[in-house]
Amino acid sequence: MASLKIQFLTAVTCILSLAASGFASGHQTVPPCPIRPSIAADLDANGYAKVTSALRQEVARDPHNAQATLWLARAYLDLGDYDQAVEFAERAVNLSPDCTESHFWLARSYALKADKDRSFLLARKAKLEYQAAVNLDPGNLAARRDLMEFYIQAPWVLGGSRDKAWAQVEAIAARDSTEGDLARAIYWRDLNKPSLAAAEYWKVLQAKPRGAEPYFQVADFYEWDGNPGAVETAVREASMIVPNDPRLDYYSAVARIMMQRDLAKAEQQLKDYLARTPQRDDFPAHAKAHDWLGRIYEILGKKQLAIDQYRVALRLSPDNRPAQDALKRLDTN
17 MASLKIQFLT AVTCILSLAA SGFASGHQTV PPCPIRPSIA ADLDANGYAK VTSALRQEVA
77 RDPHNAQATL WLARAYLDLG DYDQAVEFAE RAVNLSPDCT ESHFWLARSY ALKADKDRSF
137 LLARKAKLEY QAAVNLDPGN LAARRDLMEF YIQAPWVLGG SRDKAWAQVE AIAARDSTEG
197 DLARAIYWRD LNKPSLAAAE YWKVLQAKPR GAEPYFQVAD FYEWDGNPGA VETAVREASM
257 IVPNDPRLDY YSAVARIMMQ RDLAKAEQQL KDYLARTPQR DDFPAHAKAH DWLGRIYEIL
317 GKKQLAIDQY RVALRLSPDN RPAQDALKRL DTN
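Sequential numbering from 17 applies to the sequence shown in my numbering.
Here you go:
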């Protein structure tokens with residue numbers, strides 16, 4: 017765990033030292049286009065606080081440091097502070113208007129804030145920023161995939177279009193076969209065609225990608241699809257690449273609960289996950305972890321403990337349908 021934290025903190029230190037050397041010499045040494053922010057998977061809440069504080073100090077000292085500004089936007093985005101994420105991502109775009117990563121992270125910030133605020137205006141802004149990111153770098157597959165999802169989910173008045181979404185899927189597949197499988201899977205999942213989505217996710221497992229992220233995406237789908245064996249397979253493959261990633265605890269617990277096996281172990285894994293991870297946008301939501309804890313206690317006949325967990329899940333995510341249904345079933349008060 018420590019090594020991943022050190023890697024991320026070292027990366028931030030490099031950004032700050034580059035900016036400091038440029039300030040001292042009178043020349044700009046920070047790269048003209050920010051590199052993609054990459055935050056360590058096991059960076060805990062304390063680590064996030066330290067990194068965010070360091071980045072804020074650097075941005076205050078050098079408001080023209082596009083790299084530090086973009087990393088700060090990413091940190092706020094992961095922590096669910098969408099107002100701050102938008103503010104600093106907009107600054108990053110102003111500092112580096114011709115850079116795909118700046119537009120991509122501004123698009124994500126707009127999109128998540130739009131979901132929270134139910135704002136068509138922000139959704140439209142998100143679409144424009146995704147398009148800008150793709151136009152600046154057609155190889156930005158993350159931007160293409162988010163744009164694809166926008167086209168699927170958005171109403172036609174905002175530019176939603178299945179044809180446009182599929183065009184992005186094909187563009188992704190032409191550049192990377194595994195990313196293409198994932199894009200097709202998301203396309204079919206968003207259209208509520210789970211059997212077609214499952215076939216694509218299974219292709220990803222069979223391809224045995226070298227990175228861990230595809231496996232976590234596969235695990236997330238099979239959690240939703242109710243296939244504990246496939247979740248276990250994805251966890252096993254991911255654990256050989258990132259053995260300390262806290263998401264392993266979460267998905268391993270999910271598989272155990274779905275099979276009603278080793279529930280004490282699953283309970284501890286979920287508690288460890290909640291204790292180790294801050295609320296991050298790119299991780300399973302804490303609300304889902306509390307929902308699964310509720311299911312454990314419900315299986316064990318511990319009604320009040322189950323109710324308590326479902327209430328926490330609903331407080332964290334008011335639209336959490338499983339928690340709503342469970343409370344209707346259990347809470348007669």
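Note that beta-carbon positions come from the ideal geometry of N, C-alpha and C, so glycine has one too. The structure presented is a predicted model; accordingly, all values stated were derived computationally and were not measured.
query                                                                                                         : result
Beta carbon of Ala-269 nearer than 8 Å to that of Pro-244                                                     : no
Pairwise C-alpha distance: Glu-195 and Ala-158                                                                : 9 Å
Pairwise C-alpha distance: Pro-79 and Lys-224                                                                 : 43 Å
Identity of the residue in Glu-314, Arg-124 and Ile-257 nearest Met-164 by Cα                                 : Arg-124
Pair within 8 Å by beta-carbon distance, Phe-120 and Lys-143                                                  : no
Every unbroken alpha helix (DSSP H) within the stretch 179-232, with a cutoff of 4 residues, ordered by chain : 193-206 and 210-223
Three-state class that DSSP yields for Leu-316 in the structure shown                                         : coil
Gln-23, DSSP secondary structure in three states                                                              : Bear in mind that a pLDDT of 41 at Gln-23, under 50, signals an unreliable position, so the number given afterwards is only what the model happens to contain. Three-state result, Gln-23: helix.
Extent of the continuous alpha helix (DSSP H) to which Ile-168 belongs                                        : 157-169
C-alpha distance - Trp-182 paired with Thr-249, whole-angstrom precision                                      : 29 Å
Spatial distance of Leu-71 from Arg-292 (CA atoms)                                                            : 22 Å
Minimum length 4: unbroken alpha helix (DSSP H) runs contained in the stretch 243-316                         : 244-255, 263-275, 279-292 and 302-315
Collapsed DSSP secondary structure at Arg-124 in the structure displayed                                      : helix
Residue burial classification, Ala-339 (beta-carbon count within 10 angstroms, cutoff 16)                     : buried
Coarse secondary structure for Arg-72, derived from DSSP in three states                                      : helix
C-alpha distance - Ser-37 paired with Arg-77, whole-angstrom precision                                        : With a pLDDT of only 41 at Ser-37, under 50, the local geometry of the prediction cannot be trusted, and the value read off the model is given with reservation. Going from the Cα of Ser-37 to the Cα of Arg-77 covers about 13 Å.
Same chain, Cβ closer than 6 Å to Leu-321, five either side skipped, listed in chain order                    : Tyr-313
Backbone secondary structure at Asp-78 - three-state DSSP                                                     : coil
Segment limits, alpha helix (DSSP H) that includes Asn-151                                                    : 136-152
Three-state secondary structure (DSSP) of His-43                                                              : Caution is warranted here: a pLDDT of 43 is assigned to His-43, below 50, making its placement in the model unreliable, and no coordinate value can be reported.
Residue range of the unbroken alpha helix (DSSP H) whose run includes Leu-174                                 : It is not in any alpha helix (DSSP H) - Leu-174 carries neither H nor E in the DSSP assignment.
Cα-Cα separation, Asp-179 to Ala-282                                                                          : 42 Å
Rounded separation between Gln-184 and Asp-153 - CA only                                                      : 13 Å
Sequence-distant residues of its chain with Cβ nearer than 8 Å to Ala-190 (five each side left out)           : Gly-196
Distance between Asp-162 and Ala-354 (C-alpha atoms, nearest Å)                                               : Here the chain covers residues 17 to 349 and nothing more, so residue 354 does not appear.
Reduced DSSP secondary structure (H/G/I, E/B, other) of Pro-338                                               : helix
Contact under 8 Å by Cβ, Leu-95 with Pro-300                                                                  : no
Buried or exposed (CB count within 10 angstroms, at least 16 for buried), Glu-186                             : exposed
Alpha-carbon spacing of Ser-118 relative to Lys-287, whole angstroms                                          : 35 Å
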